[in-house]
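Undergrad:
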Amino acid sequence: MNRVCGGMRLSRYFLPILRETPKEAEIASHRLMLRAGMIRQEAAGIYAWLPLGFGVLKKIEQIVREEQDRAGAVELLMPTLQLADLWRESGRYDAYGPEMLRIKDRHERELLYGPTNEDMITEIFRAAIRSYRDLPKNLYHIQWKFRDEQRPRFGVMRGREFLMKDAYSFDIDEAAARLSYNKMFVAYLRTFARMGLKAIPMRAETGPIGGDLSHEFLILAETGESGVFCDERVLDLAIPSEDVNYEGDLSPIIRQWTSLYAATQDVHDQARFEHEVPPPRRLQTRGIEVGQIFYFGTKYSVPMNAVVSGPDGVERPIHGGSYGIGVSRLAGAIIEAFHDEAGIKWPEPVAPFRAMILNLKQGAADTDAACEKLYAALAAHGIDTLYHDLDERPGAKFATADLIGIPWQILVGPRSLGEGKVEVKRRTDGTRELMSPADALARLSV
RNA sequence: CGGAGUGUGGCUCAGCCUGGUAGAGCACCUCGUUCGGGACGAGGGGGUCGCAGGUUCAAAUCCUGCCACUCCGACCA
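Here it is, written out as structure tokens:
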């Protein structure tokens, strides 16, 4: 979707691998993102996304986009800068605090770098929609946000600047709004599952955005920032399939996922936990929040006068919800879930490349020719391939390949090529198999 | 926002206490030998020691101020 050609030669790429770990990186994902040349820190909590990292970011973003679209949300793009007046109208300008970056333009007009977009989307919505007949609507965008965190840390997991998908639903009343909420709930289950993650929806506090119904989606990881308590059976619940009917009744799915105990430490109820979950199924661990959904009712529509006419001709404020996914955070969270001592182990759907060719004897006529042929064939089959064509020793190439975590490694060296074969290695489990280049191509074409 | 630290070639760090010609490993360049799990030898290039003042014949080193960044805790996609 994003890379036009099907391949890349390492000699032309930009992959600044670090052999040693920069001292500031404490957790695995941060360490590996720096070492694998995915990101470079420019300031506290602010990162440049280097080509490999950017490739992953685009893969994640695209999965999020596809599942939002499938659930009926409509993409648009709002600016990063917003007028302070808009936030004064909703009453949030003074309430938001120092987390919000406030700036002035040359006319001394007050602006802010958006930490979220409820106010702006409400303004956009109210300017265009007058009737309940135009509802429901769900609008989303994928845009950079800035929150001036007191303490940014863990690399992109908690940056000040971060890429977020935020969706906003508009409905005529609470009952309708809950249907919109349920759609996003199901879309989130599918989104995270497609990235290979087990994200568990947990009852959550609503925080400064407000409202009275909210779930956080967390993936379990020891390095997570939130303590979580849940019934371990939630780990085995089925993910709604691709052909789930979003216009149908989603409540059975919601009920299934919300009836088992699952809560973050903020709202945890130990007595209830012990009452509802027998000891062998009690899971107490930590998690990384990768998404959150809210129903907040008329919190913004009332102060901002976002109203529509109902069937009775009477105007009423719309009922809203907002739905966030931390796209850039997910890049780190996925690494937390999938790595080993040697490096990253990308799940295929988010891998920056699907395959990597390692020419173990660069400059030798037979290996060079075999690699070129294979590289062209993979590209012809639309398989994103990184060809390691640098004049490095095999050991260095193995280390690089394991570090950057491309799912399939194809080792082309004199030893196996003597039998007319190449070696296909899976990064996830380290298994390797000798096969002809044609069979390797067939294996990857699945 | 409380607490604790760190700023020295691209990276990891030594040197600072006790002031006196800026160092090591990795990376980089050249040549040669190597080549299936981060090779070896020889030669070479690269640093206003975070910034600004001060003390001193002399400051990476001592003093003052500032800035940046990191880590531990309370808060958030």
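Under the working numbering, read the first sequence as residues 7 to 452, first letter to last. Note that CB positions come from ideal geometry on N, CA and C, so glycine has one too.
1. Looking only at C-alpha atoms, which of VAL283, VAL428, ARG108 and TYR267 sits nearest to SER442?
2. Could you pull the DSSP bridge partners for VAL314 from this structure?
3. Report yes if the CB atom of LEU87 is closer than 9 Å to the CB atom of ILE148, and no otherwise.
4. Consult DSSP for HIS113 and reduce its assignment to one of helix, strand or coil.
5. Which of the three DSSP states is assigned to LEU141 in this structure?
6. Report the three-state DSSP secondary structure of GLN74 (helix, strand or coil).
7. So, does the stretch 360-374 touch the stretch 388-399, judging by three or more C-beta pairs under 8 Å?
8. PHE223: buried (16+ other C-beta within 10 angstroms of its C-beta) or exposed?
9. Would you identify the three-state DSSP class for LYS379, choosing helix, strand or coil?
10. Per DSSP, LYS171 is paired with what?
11. Buried or exposed for ALA446, going by 16 or more other Cβ atoms inside 10 Å?
12. Here's the rule I'm using: 16 or more other beta-carbon atoms within 10 Å means buried, otherwise exposed. How should LEU24 be labelled?
13. With distances taken between CB atoms, is the gap from PHE344 to PHE279 smaller than 9 Å?
14. Could you give the distance in angstroms between the alpha-carbon of TYR99 and the alpha-carbon of VAL308?
15. Taking only the alpha-carbon atoms, compute the straight-line gap between ASP318 and TYR187 and give it to the nearest angstrom.
16. Considering only C-alpha positions, which residue in the set LEU38, TYR19, LEU21 and GLU30 is nearest to GLU342?
17. Check whether the Cβ atoms of GLY326 and ASP177 sit closer than 9 Å, and answer yes or no.
18. In the DSSP output, what is MET208 paired with across the bridge?
19. Suppose the cutoff is 7 Å on Cβ atoms and the five residues either side in sequence are ignored; what does the same chain contact list for THR27 look like?
20. Run through the DSSP bridge pairs and tell me what TYR267 is partnered with.
21. Determine the burial state of GLN74: buried for a count of at least 16 other Cβ atoms within 10 Å of its Cβ, exposed for fewer.
TA: Quick look at the numbers:
1. If we check each option's Cα against that of SER442, VAL428 comes out closest.
2. Answer is ARG322, bridged to VAL314.
3. Contact flag unset, no.
4. In the structure shown, HIS113 adopts coil according to DSSP, grouped into three states.
5. Shown here, LEU141 sits in coil according to DSSP, grouped into three states, outside any helix or strand.
6. The answer is helix: DSSP assigns GLN74 an H, G or I state.
7. Contact between the stretch 360-374 and the stretch 388-399 is present, because at least three Cβ pairs lie under 8 Å.
8. So PHE223 counts as buried.
9. Helix at LYS379.
10. Beta-bridge annotation (DSSP): LYS171 is paired with ILE148 and ILE331.
11. Answer is buried; the Cβ neighbour count reaches 16.
12. LEU24 is classed as exposed because its beta carbon has fewer than 16 other beta carbons within 10 Å across all chains shown.
13. The answer is no: Cβ separation not under 9 Å.
14. Those two C-alpha atoms are separated by around 16 Å.
15. For the pair ASP318 and TYR187, the Cα-to-Cα distance works out to about 25 Å.
16. Of the listed residues, the one whose Cα sits closest to GLU342 is LEU38.
17. One thing to note: GLY326 has its Cβ within 9 Å of the Cβ of ASP177.
18. By DSSP's assignment, MET208 forms a beta bridge with GLU222.
19. Answer for THR27: ARG37 and ARG41, listed in chain order.
20. DSSP output for TYR267 lists no bridge partner at all.
21. GLN74 sits buried, since 16 or more C-beta atoms from the chains shown fall within 10 Å of its C-beta.
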